[in-house]
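Everything on this sheet refers to the single structure shown next.
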Amino acid sequence: MQNYAYIESNLESNIYFNNNLVPGKGIEFSTELDIPSPYYFGYKIENILLKNLEKIEFDKLFFLTEESVFNIYGESLYKKIKNKFPNTFLNILLSGEQNKYFKNLEELCEQLIEQNISKKSVLIGFGGGGVGNLVGLTAGLIYRGIRFIEIPTTFTGQTDSTLSNKQAVNGKRGKNHFGLYHSPIFIIGDTYYLHTEPKNARRAGIIEGIKNGLISNENFFTYLYENLAFYNAENAFKNNDLALKIIQSKLEILRKDPSEKHYGIILEYGHTFGHALEWLMKGKILHGDAVSFGMRIAAELSNEIGLLSKEEVILHYDIIENKLGYKDPFPAEITSDMLLEAMINDNKKTGRELRFVLLEKIGKCYNPEGDYLVTIDLNIVKKVLDNYILKNRI
Ligand SMILES: NC(=O)c1ccc[n+]([C@@H]2O[C@H](COP(=O)([O-])OP(=O)(O)OC[C@H]3O[C@@H](n4cnc5c(N)ncnc54)[C@H](O)[C@@H]3O)[C@@H](O)[C@H]2O)c1
1 MQNYAYIESN LESNIYFNNN LVPGKGIEFS TELDIPSPYY FGYKIENILL KNLEKIEFDK
61 LFFLTEESVF NIYGESLYKK IKNKFPNTFL NILLSGEQNK YFKNLEELCE QLIEQNISKK
121 SVLIGFGGGG VGNLVGLTAG LIYRGIRFIE IPTTFTGQTD STLSNKQAVN GKRGKNHFGL
181 YHSPIFIIGD TYYLHTEPKN ARRAGIIEGI KNGLISNENF FTYLYENLAF YNAENAFKNN
241 DLALKIIQSK LEILRKDPSE KHYGIILEYG HTFGHALEWL MKGKILHGDA VSFGMRIAAE
301 LSNEIGLLSK EEVILHYDII ENKLGYKDPF PAEITSDMLL EAMINDNKKT GRELRFVLLE
361 KIGKCYNPEG DYLVTIDLNI VKKVLDNYIL KNRI
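Using UniProt numbering, the first residue of the sequence shown is number 1, and each one after it goes up by one.
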C-alpha cells in the first residue's frame, strides 16, 4: 500500500496534528456543495456561533435540542443566545433516533407554527444526527423552506450526517424513506461536545470514516489502519484531528457529486445491508455499527463475484475488529431472510432487484458501465449472507 500523504497535503489539518489546540479559535472552510455552507470547526468555539448570529437578520430564533445534550451543554448555550437575542425560543425534542418519525416531525412543525414562526425565523439544531435530520427536514418543509443552523454534538453528526444536506425521517418500512435536501446556513462543529459522547457512539462514527477510505482513498484507509490505535485513546486533540480528517475525506467525495446520485452513491457502501440491519434491530444497534457489518458483508459479496481479493476482505475484518476494536458478534435474532426482505424495502430499491455498491479494490468502487449500483442475483446475496451469518454469530 502507498504511504499516507493526506495530512501533509492539508495545512489546516496540521494545526491539530501539531497538538496546538486553541480553544475559541476555529477554522472555517466551505462545504463547497451545490448550496455551500460555511463550516466552523474547532474546540470550544461557541463564540463563533454568537458572532455569526449577529451577522444574520431574523425575527426569531428557535433553539431545538434533546434533553441529554441540553442538560450538559445546551442550557448554558441557550441562555447565552437568549441573553443576546431575547426573541429566542427553546424546544426540547426526544433523544436521537426517536425523533425521526412522521409523528414527531408533524408535532414539531405544528408547534413552531403555534409559536408564530415566520419566513424570517431561523432554527438551530443542537444535538446528534437524529436531531440534525429532524431539524433540517422541519426547516425544509416550513413555508417551503426556512433557514437553519446545525450544531452537531456527536462524532457522526460532525463528520458525516451534517455534510450531506440530506434530511429525513424514517417510515414504517425502513430508514430515511421521507426527506429532502436542505443545507444549513452554517455549521458549527465543536469537538468540545464530543468528550461526553459514549465511547461506542464515537467508535460508530469512525466507521463511516473507514468507509470513506475503503471506497475512494487507499492512502486514507492505510493511514487509519496504521493509526487507529493512537486515536482510540480519545482526547480533545485526537478528536479534533481525526474528525477533521474524516470530514475532509467525505467532502472530497461529495464535492464531485453533491446529489449522491452518481459518483456520490459510493457513500452507500455497506449501507444497503447496514440500513436493513439497523431497521430490524429497532434502535438496539448504532448506525455505524450496523454499517460495519454491512461493509464486511459487502466485501464478501465483492469477493464472491470475483472483485476483491480474500486478503482485502480480511483487511475489512482486521480494521473494524482489531484496529478499531468493534468485536460484537452478528445479532443473534437476525436471519438472512429478514435482511433480504428489509433490503427489498430499502430506499434504493428498483422493483425487487437488489443493488449494491461493491469494491473492486481497496480505495476503488466497482463501476461497470458507469453505474456504481450493481444488481446482484438474490440467490448469490442469500448465499453470501448465510455464510457470513454462520461464521460471525456466537
Ligand atoms: N443525512 C446523512 O447523510 C446521515 C449520515 C449519517 C448518519 N445520519 C443519521 O444520523 C443519525 C445518527 O446520528 P448520531 O450517531 O449522532 O446519533 P443520535 O443522534 O441518535 O444520538 C445518539 C445519542 O447520543 C446522545 N448525544 C448526542 N450528543 C451527545 C454528547 N455530546 N454527549 C453525550 N450524549 C450525546 C443523544 O442524546 C442520543 O441519545 C441516524 O439517524 C442516521 O441515519 C444521517
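Glycine included, each C-beta is placed from N, C-alpha and C at the ideal position. All figures in this text were calculated on a predicted structure; none of them were measured in a lab.
Nearest-angstrom Cα separation, counted from residue j out to residue i
i           : j           : result
residue 271 : residue 358 : 11 Å
residue 220 : residue 277 : 27 Å
residue 85  : residue 53  : 9 Å
residue 26  : residue 77  : 17 Å
residue 384 : residue 281 : 20 Å
residue 234 : residue 243 : 12 Å
residue 2   : residue 151 : Summary for residue 2: the model assigns pLDDT 28, below 50, so the residue's position carries little reliability; its value from the coordinates is reported in the next sentence. Answer to the nearest angstrom: the Cα atoms are 36 Å apart.
residue 325 : residue 258 : 32 Å
residue 317 : residue 164 : 27 Å
residue 393 : residue 337 : 15 Å
residue 188 : residue 371 : 35 Å
residue 134 : residue 112 : 13 Å
residue 75  : residue 269 : 38 Å
residue 28  : residue 190 : 12 Å
residue 19  : residue 239 : Confidence in residue 19 is poor, its pLDDT being 44 and thus under 50, which makes the residue's placement too unreliable to answer from.
residue 256 : residue 177 : 24 Å
residue 170 : residue 97  : 9 Å
residue 307 : residue 373 : 14 Å
residue 222 : residue 388 : 25 Å
residue 355 : residue 345 : 12 Å
residue 423 : residue 226 : Outside the shown range of the chain, which is 1 to 394, sits residue 423, and nothing can be said about it.
residue 94  : residue 319 : 34 Å
residue 321 : residue 83  : 47 Å
residue 260 : residue 41  : 24 Å
Pick from the options that is closest to residue i, judged by C-alpha positions
i           : options            : result
residue 124 : 105, 146, 103      : 146
residue 237 : 192, 112, 389      : 192
residue 214 : 227, 266, 257, 200 : 266
residue 66  : 153, 335, 389      : 153
residue 310 : 296, 323, 321      : 296
residue 369 : 72, 37, 262        : 262
residue 232 : 210, 245, 323      : 323
residue 160 : 177, 35, 380, 245  : 245
residue 103 : 138, 83, 90        : 138
residue 435 : 367, 365, 391, 353 : Because the chain here runs from 1 to 394, residue 435 falls outside it and cannot be looked at.
residue 92  : 100, 110, 223, 69  : 69
residue 110 : 141, 181, 367      : 141
Cutoff 8 Å; reference residue i; Cβ partners in own chain excluding five residues on either side
i           : result
residue 122 : 56, 58, 60, 61, 62, 146, 147, 148, 149, 185
residue 156 : 128, 129, 201, 204, 205, 208, 287, 288
residue 199 : 234
residue 80  : 46, 50
residue 339 : 273, 276, 277, 280, 385
residue 217 : 6, 249, 252, 363
residue 335 : 389
Exposure label - residue i; buried when at least 16 CB within 10 Å
i           : result
residue 143 : exposed
residue 195 : exposed
residue 130 : buried
residue 118 : exposed
residue 106 : exposed
residue 167 : buried
residue 315 : buried
residue 126 : buried
residue 228 : buried
residue 197 : buried
residue 328 : exposed
residue 390 : exposed
residue 291 : buried
residue 115 : exposed
residue 100 : buried
First through last residue of the alpha helix (DSSP H) which encompasses residue i
i           : result
residue 91  : It is not in any alpha helix (DSSP H) - residue 91 instead sits in the beta strand (DSSP E) that spans 88–93.
residue 290 : 287–304
residue 42  : Per DSSP, residue 42 belongs to no alpha helix (DSSP H); it is in the beta strand (DSSP E), 38–42.
residue 216 : 199–216
residue 159 : 155–159
residue 189 : Where residue 189 is concerned, there is no enclosing alpha helix (DSSP H), although the beta strand (DSSP E) it sits in stretches over 186–190.
Where the beta strand (DSSP E) containing residue i begins and where it ends
i           : result
residue 375 : 374–376
residue 167 : 166–169
residue 323 : Segment: none, residue 323 is in no beta strand (DSSP E) and carries neither H nor E.
residue 66  : 61–66
residue 307 : Note, residue 307: premise wrong, no beta strand (DSSP E); not H, not E.
7 Å CB neighbourhood of residue i in its chain, flanking five on each side removed
i           : result
residue 279 : 174, 175, 342
residue 47  : 24
residue 313 : 299, 300, 303
residue 293 : 273, 274, 277, 330
residue 87  : 59, 60, 61
residue 11  : With a pLDDT of only 38 at residue 11, under 50, the local geometry of the prediction cannot be trusted, and no value is derived from it.
Cutoff 8 Å: residue i Cβ touching any chain D Cβ
i          : result
residue 86 : No chain D is part of this structure, which consists of one protein chain only.
Beta-carbon proximity list for residue i, same chain, < 6 Å, skipping 5 on both sides
i           : result
residue 212 : 249, 250
residue 381 : 354
residue 36  : 30
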